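Below is one structure, written out as structure tokens; the observations come after it.
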Amino acid sequence: MPTETFEFQVEARQLLQMMIHSIYSNKDVFLRELVSNASDALDKLRLEALRDDSLGADVSDLHIALDADPQDRTLTVRDNGIGMSRDEVVELIGTIANSGTASFLRELKEAGDTATTDGLIGQFGVGFYASFMVADEVTLLTRRAGESEGTRWTSSGEGTYTVETVADAPQGTAIVLRLKPEDTEDQLYDYTSPWKLREIVKRYSDFITWPIRMATRPAGEPAEQADDAAESGDAAAPEVETLNSMKALWARSRDEVTDDEYHELYKHISHDWTDPLETIRLQAEGTFEYQALLFIPSHAPQDLFLQGYKRGVQLYVKRVFIMDDCEALMPSYLRFVKGVVDAQDLSLNVSREILQQDRQIQLMHRRLAKKVLSTVKDMMTAHPERYATFWREFGRVLKEGLLGDPENRDSILGVSSFATTHDKDQPTTLAQYAERMKDGQEHIYYLTGESRQAVENSPHMEAFQARGIEVLLLTDPVDEVWVDTRPEFGGRQFRSVAKGEVDLGTAEEKEQEGSEREKQQEEYAALLGWMAGHLTEHVKQVRLSSRLTVSPACIVSDTHDVTPALENLYRAMGQEIPHPKRILELNPKHPLVTALNRTHTERPDDTAVGETAELLHSLALLAEGGELPDPARFVKLTADRLERSL
Ligand code: ADP
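In terms of our numbering, the sequence shown is residues 196 to 841.
See the structure below:
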């Protein structure tokens, strides 16, 4: 096949432009990225060779090699791992698969200062493209294990790249960077210096489980001769040193490992460039022995809520990498957790299907979930700011566990926070809510809805506002679903302020209200009965309200009925559920309601009576953000009324 020239995909081109113009301040990380890819390629080859005897790949000395040539100013990062086919090169290197790329690039363009750009790139991670921060031309020579021909890919990062098939490529991948002219101001940028390379590998890649070797060649000798010399064991052979300790961090005791080392492992696993929020260690001894090193990231990935988001941690068996995204090890609501689990007693051939059914794995899964939740709990008290970040980034996902994981529901509620009428900015925990509960208040009150504003201004809140009773404002779609399971926390039930009867105040107040209520019931009995008949298509009952102080009317659900929002949610998921009629409540002290009652007694057949009843129902629906049964009729009736008032 002749040399072909391709164009980078648009997003890839934009990203490369940014790399070329080096907007990221810490250029050293390009090497971490290349070594990380090489290490993955070695993992993949070992696995494939394990599963497929006919692969015919040499797995006897899997390693990564760095080769610097100060004369030519090139740096080569080589692995003898899985390699890539020609199609894979075009697919994997010419495009960016991440679905959040477009929005990420937009944000990046808007960000002016280095700190923000660094932060954004850090969250995204740019992998192989980081090479273009330090090189003005990159050549990648690769041959996939099991294939006979190799592929050479070359680009200066400016719009296009070339691809050609080559006959004699060694198995694996070699990436040759033609380094940009040395920055004379800053010697730190000499990536051909053995000292510098040693330092970078030690800092970022020490834990990589494959040897990272570097040949320090005698000065003046060209690269190829040195390679030959290395192979022939010539006396003038360069000295080959292994730069990394290869120690699995999860197998070492806590005091042997620095936080930075943990963080670099996290970055290798997650492809995230920012430090994690929390590092969690777990060692299980006994019949089923394993070590886990888990990380809670400091920000949510862009695709966390998209279908097909890969969840789970890496599984190792006795230090051998087995699989990425092992979903059997983490519940879905903890899918943001990254890390490594190394189990001693599993077969190297273990499959995803077997893992799903394995009892020991299920026990491990439960233990890991509990450990993550207890870590978050500790974080709440020990590092409130960190917890606030955690909740902002992952609260929505975690709440899915209130449905999916009944066993841990209490712990999840215990580490959850909610927007509240008590504070405009700071969310509250349930423990804090409980401390502020009024004397005689039995329940945890909440209201669900689309936005904080809609919920806060809902008529359902009026009596609660008037009495200074705190209400949780639940506006995530998942909130509708878990509150519907009628949870309890600390022996207190969750109660929607838009459901059932409201029964607030002290015993004394209630007694007083009771007698007043009896009087009102008598006064309104005829109207309520008549209205229930008149609106029977829409409501199952019309009654007097004890939750309204300002509005004339509101709509409420029976305690155990599904709310309209939940109904919509189920419909959107394709589930048909019955449409329960709701209850219309009238405020007996509102002038519109008293006037309606009077008119109804005096002139029961007046059309204004029927129309006002309909309008009250519509207003109640609108106030809670609901939909009207007949919007056109509502507009006509309102317009007529307005006209008459002028
Ligand atoms: P990421 O590593 O985040 O997926 P990269 O741009 O660094 O993104 O790499 C894209 C893909 O190219 C990798 O996922 C991998 O499939 C492939 N790749 C990169 N480097 C190598 C390598 N040294 N050997 C084999 N495949 C590689």
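Cβ atoms here follow ideal geometry from the backbone N, Cα and C, with glycine treated the same way.
Keep in mind it's a predicted model, so treat the numbers as computed, not measured.
Distance between beta carbons of residue j and residue i, contact taken as under 8 Å
i, j, result
"L444", "F483", "Incorrect: roughly 21 Å between the Cβ atoms, too far for contact."
"I316", "Y461", "About 16 Å; that fails the 8 Å criterion."
"V804", "L791", "7 Å"
"G289", "T368", "Wrong, their Cβ atoms sit about 15 Å apart, outside the cutoff."
"I407", "L229", "About 11 Å separates the two Cβ atoms, so there is no contact after all."
"E809", "L823", "Not a contact, Cβ separation roughly 10 Å."
"A658", "S752", "About 16 Å separates the two Cβ atoms, so there is no contact after all."
"L550", "V536", "Contact doesn't hold; Cβ gap of about 11 Å is too wide."
"Y504", "M559", "Not a contact, Cβ separation roughly 22 Å."
"A364", "T337", "7 Å"
"D331", "K375", "5 Å"
"E436", "Y399", "That pair is no contact at about 17 Å."
"A325", "F225", "4 Å"
CA-to-CA distance, residue j to residue i, given in whole angstroms
i, j, result
"A425", "P433", "Unreliable positioning characterises A425 in this predicted model, as indicated by a pLDDT of 49, which lies under 50. A coordinate reading is not provided."
"A421", "M574", "With a pLDDT of only 47 at A421, under 50, the local geometry of the prediction cannot be trusted, and the value read off the model is given with reservation. Straight-line Cα distance between these residues: approximately 54 Å."
"E456", "R449", "11 Å"
"L739", "E683", "29 Å"
"D274", "I259", "5 Å"
"T334", "G596", "47 Å"
"P783", "T789", "6 Å"
"S653", "G820", "8 Å"
"L641", "R690", "For clarity, residue 641 is Tyr in the given sequence; the question names Leu instead. Y641 and R690: Cα-Cα distance of roughly 6 Å."
"P799", "N603", "57 Å"
"F319", "V329", "19 Å"
"V830", "A818", "15 Å"
"S234", "S611", "38 Å"
"T744", "D698", "14 Å"
"R268", "S465", "31 Å"
"R687", "G700", "17 Å"
"K391", "I556", "43 Å"
"E708", "P773", "36 Å"
"R662", "T754", "21 Å"
"E302", "Q497", "13 Å"
"T796", "L722", "8 Å"
"L242", "G322", "22 Å"
"I395", "A577", "33 Å"
"N293", "R561", "31 Å"
Neighbourhood of residue i by C-beta, 7 Å cutoff - its chain only, sequence neighbours within 5 removed
i, result
"D671", "R591, K594"
"A252", "L240, A244, A340, G341, Q366"
"S493", "T469, D470, P471, L472, T584"
"S646", "T670"
"R281", "T346, V358, T360"
"T807", "L791"
"D801", "T794"
Other residues of its chain near residue i: CB distance less than 6 Å, five sequence neighbours each side excluded
i, result
"G534", "L488, L489, F490, V508"
"R393", "L438"
"P265", "T387"
"I193", "With the chain represented from 196 up to 841, any question about residue 193 goes unanswered, as that position is not in the structure."
"H785", "P747"
"V678", "F689"
"A263", "L270, T387"
"D674", "T643"
"L300", "Q209"
"E588", "H494, A495"
"T411", "P389, P433, E434"
Sequence-distant residues of its chain with Cβ nearer than 8 Å to residue i (five each side left out)
i, result
"D600", "P526, Y528, A564, I607"
"V676", "L598, L761, L764"
"D454", "T474"
"S177", "Missing from the structure shown is residue 177; the chain here goes from 196 to 841 and no further."
"T198", "T357, V358, E359"
"D756", "K694, P775, R777"
"V734", "A727, I750, K776, R777, I778, L779, H812"
"C521", "G507, V508, Q509, L510, V536, R547, L550"
- Within the region 487–548, note down every full beta strand (DSSP E) run reaching 3 residues or more, in order along the chain. 508–512, 515–521, 533–538
- Item | Complete alpha helix (DSSP H) runs within the region 655–720 (minimum length 4 residues, chain order) | 657–661, 672–678
- Contained beta strand (DSSP E) runs [length at least 3] in the region 758–831, N- to C-terminal order: 777–781
- Message: Going residue by residue through the region 568–625, where are the continuous alpha helix (DSSP H) segments of at least 4 residues, counting only ones entirely within it?
- Response: 579–593, 596–599, 604–609
- Message: If we require 3 or more residues per run, which beta strand (DSSP E) segments fall completely within the region 202–275?
- Response: 259–264, 269–274
- What alpha helix (DSSP H) runs, 4 residues minimum, are completely inside the region 280–358? For the alpha helix (DSSP H) assignment, the uninterrupted runs of no fewer than 4 residues enclosed by the region 280–358 are, from N- to C-terminal side, 296–305, 309–319.
- Message: Quick check on the DSSP output: what are the complete beta strand (DSSP E) runs of length 3 or more inside the region 438–479, in order along the chain?
- Response: 473–479
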